[in-house]
Amino acid sequence: MAKVYFSPARPAKWRYDASMPGKLERLLKEMGLSNYFSPKEWVAVKTHFGSEGAHRTVRPVFLRKVVEGLQSIGAKPFVTDTVRIKGLDYLEVANRNGVNHLSVGAPVVIADGLYGNDNILVRAGEILGEIAVASLIHDVPAMVVCSHVKGHINAGYAGAIKNVAMGGVSSSHRDCGWKCGRGAMHTLGEGRLLWDSEKCELCYQCAEICPLDAIVFNEEEALIWNGDTCWRCGRCARVCQSEAITLPGDDDRFMRSLAEAAKAVLDTFEPQKVIFINFLTEIQPECDCMPMADVPVMQDQGILISDDIVSIEQASVDILRNALPLPGSAATQADTGKEDDILFSLSRKPYRIQMEEANRLGLGSLIYDLVEL
Ligand code: SF4
Ligand code: SF4
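Counting in this note's numbering, the sequence shown runs from 2 upward without gaps.
Below is the structure:
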């Protein structure tokens with residue numbers, strides 16, 4: 002049974018070792034980084050840089066603790082993520098969100114090149130076939146996955162599986178385009194974007210958020226979509242509050258494809274070369290790639306660490322299930338049934354399929370031993 006180490010968010014004493022950074026230090030020590038990583042070994046610290054306006058990402062102070070832990074055993078860490086918007090702009094987003102060499106104490110680099118097409122096709126599974134893993138993540142021998150746990154309009158719950166799946170894969174491949182990238186998880190078939198002019202309120206948010214300018218409105222106020230340029234990232238559909246935009250897909254397939262892509266990424270590593278840290282902090286309803294972050298829907302819960310991606314995800318959702326809704330947040334407006342947890346009630350998405358499928362694919366165990374520190 003996999004061990005999941007957990008430190009709750011609340012400090013019991015007025016001392017540094019009771020603080021969240023102090024607790025993370027202790028978790029890293031308990032995990033024993035030298036059990037996984039070697040002196041001089043390059044180690045990717047995979048996080049999500051967020052987006053302009055979404056500030057509730059894993060804070061630089063925590064990334065620095067991970068970097069320093071790795072450096073203390075002689076390893077060579079760097080902090081990385083894949084391109085969501087054009088690469089130079091994305092590095093600037095990271096910088097504005099406080100993630101840069103100076104703050105985290107290690108180089109901050111894009112994993113799939115500034116154009117987001119520096120990647121390697123690997124076998125995935127029956128849903129995705131092949132998927133384009135970011136070349137840096139494909140080639141690096143070891144990784145620490147730092148995930149900000151939160152809700153998500155499509156995934157319902159977003160933690161380590163989503164961070165590895167969506168974040169370890171590029172948006173596009175040089176030859177097969179979006180069909181081998183993360184768009185293949187978001188949508189199916191040709192992924193044709195459908196626009197309902199009756200529902201559209203002409204707010205133009207979809208055009209504003211598109212990283213590729215693949216949406217424009219003509220003089221007749223009709224939406225023109227460039228399907229050849231579009232990455233099928235789904236951002237336009239997510240910001241449309243009138244539900245005027247849809248991309249073809251279904252929840253079951255989406256959750257399973259996340260697990261499949263996570264496996265494809267993790268299969269590029271030797272066993273025992275990846276560990277996972279889940280930050281149950283600032284748990285807001287939406288993805289960190291949106292142009293804003295809502296207020297947290299529940300109180301900070303703490304930090305978990307494990308070498309089993311399924312166990313840490315299961316432990317995270319088990320902790321979140323017992324959390325109370327925060328007043329003044331979206332959680333108090335959600336349609337919460339008797340059996341529902343907050344994240345499910347916000348999205349109505351069957352997010353548990355992510356963990357069940359990851360377990361079925363052999364990525365880890367749904368049963369875990371929670372060790373509280
Ligand atoms: S975001 Fe939705 S409502 Fe606004 S312009 Fe686009 S399609 Fe229309
Ligand atoms: S899915 Fe929407 S936002 Fe994303 S690239 Fe295509 S048109 Fe742009």
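Where is the CB? At the ideal position from N, CA and C, for every residue including glycine.
Quick caveat: nothing in here was measured; it's all calculated off a predicted structure.
Quickly, what does DSSP pair F277 with across the bridge? List them, please. V146 and S307
Kindly examine ligand 3 and report whether one of its heavy atoms sits closer than 7 Å to the Cβ of W226. As for ligand 3, it is missing from this structure, which binds only ligand 1 and ligand 2.
By how many angstroms is the C-alpha of C237 removed from the C-alpha of G190? 18 Å
At least 3 beta-carbon pairs within less than 8 Å: the segment 297-310 vs the segment 326-334: Touching, per the Cβ criterion.
Using 8 Å as the Cβ pair cut-off and three pairs as the minimum, do the segment 245-252 and the segment 119-133 touch? no
Could you tell me which of M256, E93 and R175 sits nearest to D229, measuring between CA atoms? R175
Count the other CB atoms, across all protein chains shown, that sit within 10 Å of the CB of S346; report buried if there are 16 or more and exposed otherwise. The residue in question, S346, is buried, as its Cβ has 16 or more Cβ neighbours within 10 Å.
Short check: CB of G168 to CB of T83, under 8 Å? yes
Does the Cβ-Cβ distance between C147 and T48 come in under 8 Å? yes
Looking only at its chain, what residues have a beta carbon closer than 6 Å to the beta carbon of R233, apart from the 5 residues adjacent to it on each side? W179, G184, H187, T188 and G192
Determine whether the beta carbon atoms of M2 and I368 lie at a separation below 8 Å. yes
Should C36 go down as buried or exposed, given a rule of 16 or more other Cβ atoms within 10 Å for buried? In the sequence under discussion, the amino acid at residue 36 is Asn, which differs from the Cys named in the question. Exposed, because fewer than 16 other Cβ atoms sit within 10 Å of the Cβ of N36.
Rounded straight-line distance, which links the Cα of L374 to that of L213: Counting only the Cα atoms, L374 lies some 46 Å from L213.
Between E271, L259 and R353, which lies nearest to G126 when the distance is taken from Cα to Cα? Residue L259 is the option with its Cα nearest to G126.
Measuring from the CB of C241, is there a heavy atom of ligand 1 at a distance below 7 Å? yes
Just checking, does the segment 306-314 make contact with the segment 52-67 on the three C-beta pairs under 8 Å criterion? no
Determine, using beta carbons only, whether A265 and I132 come nearer to each other than 8 Å. yes
Closest by CA to T247, which one among A159, D342, N98 and L195? Considering only alpha carbons, the answer is L195.
Suppose you measure from the CA of S136 to the CA of V44; what does that come to, to the nearest Å? 14 Å
Is A143 near ligand 2, going by C-beta to nearest heavy atom under 7 Å? no
Using the Cβ count rule (16 or more neighbours within 10 Å means buried), how would you classify D140? exposed
Can you give the beta carbon distance from I310 to A161, rounded, assuming they're within the 8 Å contact cut? 5 Å
Please state if the CB of L364 and the CB of I343 are separated by a distance shorter than 8 Å. Not a contact, by the Cβ cut-off of 8 Å.
Would D197 pass as a contact of A245 if the rule is Cβ separation under 8 Å? yes
Look up D210 in the DSSP assignment and say whether it is helix, strand or coil. First, the residue type needs correcting, since residue 210 is Ile and not Asp in the sequence shown. Here I210 sits in helix by DSSP.
If you draw a straight line from the alpha carbon of D319 to that of F50, how long is it in whole angstroms? 26 Å
How would you label H102, buried or exposed, when you count the other beta carbons within 10 angstroms and need 16 or more for buried? exposed
Would you list the residues sitting across from F7 in a DSSP beta bridge? Listed as beta-bridge partners of F7 by DSSP are L305 and E373.
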